[in-house]
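Asks: Here's a structure for you.
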Amino acid sequence: MKTFLDWSAYKDAGMGDAYADIPKTGGNFAKAVAVCINSRQCEAEGKQVMCPSYRVSGNTHFSTGGRVRLLKTALNSELAETALADPTLAEAMDLCVGCKGCKRECEANVDMPLIKAEYLAQRIARDGLSLRSRLFAHTPRWLHQQPWLGKLVAWRNRSPLLAGLGQRFLGLGAEVALPEPAATPFQAPAPPEAVASNAPEIVLWVDTFSRHFEPEIPTAAIEVLQAAGYRIHIAAPAEGVADAERPLCCGRTYLAQGMVEQARTEVSRLADSLLPHVQAGRAVIGLEASCVLGLRDDAQALGLGETVAVVAKNVLLLEEFLARESTAKRLNLPLQALPAGETLIHGHCHQKAVGAMKAMRRVLKLIPGHQFEMIEAGCCGMAGTFGIEAEHSAMAGTMAEQALLPALRANPQARVVANGFSCRHQMRAHGDTRAQHLALLLREAL
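In UniProt numbering, the protein residues as written are 1 to 446.
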């Protein structure tokens, strides 16, 4: 069985009794599946993230362990590549929202989202790629090359006829508004005239979603970091990098659809462009958790070598960087009290997966007299494109109603911070427009 991702990190799995049930087909990929020890922690009650589709359905096929059992059955088949097309397995994998809760919360650290990426790549090789998947995967390209499509999205959101056609021909849920690109994408501002010669240098990596949908976020991040005394470089394609006129991208949209080779191309462009900054000792700061985690975690399975590993170790979320600087007593960020009122904080699943919520708390405490509360909720349900897909939008809404939306309704006057692009969109899709990125809150407190 040919695999598309690099599973060599699991080559030594299977050395003990816990891994005695390794499927006979799939090599190291099969070992990655078999690290599950069937403890069923993924089916336990509690405040854990995993597994969102199981938590709203009660169907054990939709838990991490349930998917493992179905995958093992397929990989033990005489015709494994055919068995991977089993409808029960297909449904279970389809309903994995890629939250990464299992990678953090499971005792065996089963990485089901990465396993799903391989599963999707296998499906593409067997069945080809749908038009909808192509549309989603190529989002960074069409945003850059065909910006007129953004106007089409706006028209679709205001036209029941166009929404109905989108559902019929593309499978886009007619009742869910699509995120609309900003009229003007992010443009790097001119550097300030007066910057201390000894100012520490950092790099701001502006992701596709911040650049094209909410450019006010990187603009605010720049103002905050400049107020703290940093000299900021905006990450851009390095000289000689392929497709150099196009902004950098982490490849998340491609990997989410199983397009491994295209994801590999994007990560290679990104890593090659960031490496000189890392070699110069500059920290790289990202704004979107799914993009940062994609580089730090999933990209390591693309087989691109040491460059990606070196760069990934030096990429931090904005809140992680500020918390690190504060802990080291290097942060001089002049913040003042905000207007009276509480702030509700919703953590993106990937923020939780990298342990960044502790950093969020530390940074929020830097605002004098700031009262905030973490919303105890799992996945919001939007999960990239999951919540706008016609066959998934109802389940996505149910996920949001488990804890997130009730918490918002219970405190209608509070400010809301959500650093995840898809999380903010899910709230807006359900009528709550308060959610903003941490960078905007910090700018308000300058």
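Heads up, the beta-carbon is just placed ideally off N, CA and C, and yes, glycines get one too.
For residue 372, which three-state DSSP category applies?
Replies: If DSSP states are grouped into helix, strand and coil, residue 372 belongs with the strands.
Asks: Between 442, 311, 140, 293, which has its C-alpha nearest residue 361's C-alpha?
Replies: When only C-alpha atoms are compared, the closest one is 442.
Asks: Starting from the C-beta of residue 72, find all residues in its chain whose C-beta is less than 6 angstroms away, skip the five residues before and the five after it, and write them out in chain order.
Replies: Result list for residue 72: 23, in chain order.
Asks: Going by DSSP, which residues form a beta bridge with residue 101?
Replies: According to DSSP, residue 101 bridges with nothing at all.
Asks: Counting C-beta neighbours from all protein chains within 10 Å, is the total for residue 93 16 or more, i.e. buried, or is it exposed?
Replies: Buried, since its Cβ has 16 or more Cβ neighbours within 10 Å.
Asks: Have a look at 297, 140, 424, 248 and flag the residue whose alpha-carbon is nearest the alpha-carbon of residue 268.
Replies: Of the listed residues, the one whose Cα sits closest to residue 268 is 248.
Asks: Check whether the Cβ atoms of residue 287 and residue 210 lie closer than 9 angstroms to each other.
Replies: Yes. Within cutoff.
Asks: Within 10 angstroms of the Cβ of residue 28, are there 16 or more other Cβ atoms? Answer buried if so, exposed if not.
Replies: Buried, by the Cβ-count rule.
Asks: Taking the straight line between their C-alpha atoms, what separation do you get for residue 17 and residue 112?
Replies: Unreliable placement is indicated for residue 17, whose pLDDT of 49 sits below 50; no coordinate value is reported for it.
Asks: In the DSSP assignment, the alpha helix (DSSP H) including residue 174 goes from what residue to what residue?
Replies: From DSSP, residue 174 is part of no alpha helix (DSSP H); its letter is neither H nor E.
Asks: What are the complete alpha helix (DSSP H) segments, minimum 4 residues, inside the stretch 328-407?
Replies: If we require 4 residues or more, the alpha helix (DSSP H) runs fully inside the stretch 328-407 come out as 349-353, 357-364, 393-402.
Asks: From the DSSP output, read off the bridge partner residues of residue 231.
Replies: Residue 231 is bridged to 201.
Asks: Give me whichever residues DSSP pairs with residue 226 in a beta bridge.
Replies: Residue 226 pairs with nothing; no bridge assigned.
Asks: Hey, residue 417 and residue 343: beta-carbon distance below 9 angstroms or not?
Replies: Yes, the Cβ-Cβ distance between residue 417 and residue 343 is below 9 angstroms.
Asks: Name the DSSP beta bridge partners of residue 286, please?
Replies: Looking at the DSSP assignment, residue 286 forms a beta bridge with 205, 317.
Asks: Name the residue from 322, 297, 323, 324 whose alpha carbon lies nearest to the alpha carbon of residue 311.
Replies: For residue 311, the nearest C-alpha among the options comes from 297.
Asks: Can you name the start and end residues of the alpha helix (DSSP H) that residue 424 belongs to?
Replies: Run containing residue 424: 421-429, per the alpha helix (DSSP H) assignment.
Asks: Do you know how far the Cα of residue 137 is from the Cα of residue 21?
Replies: Rounded to the nearest angstrom, the two C-alpha atoms are 35 angstroms apart.
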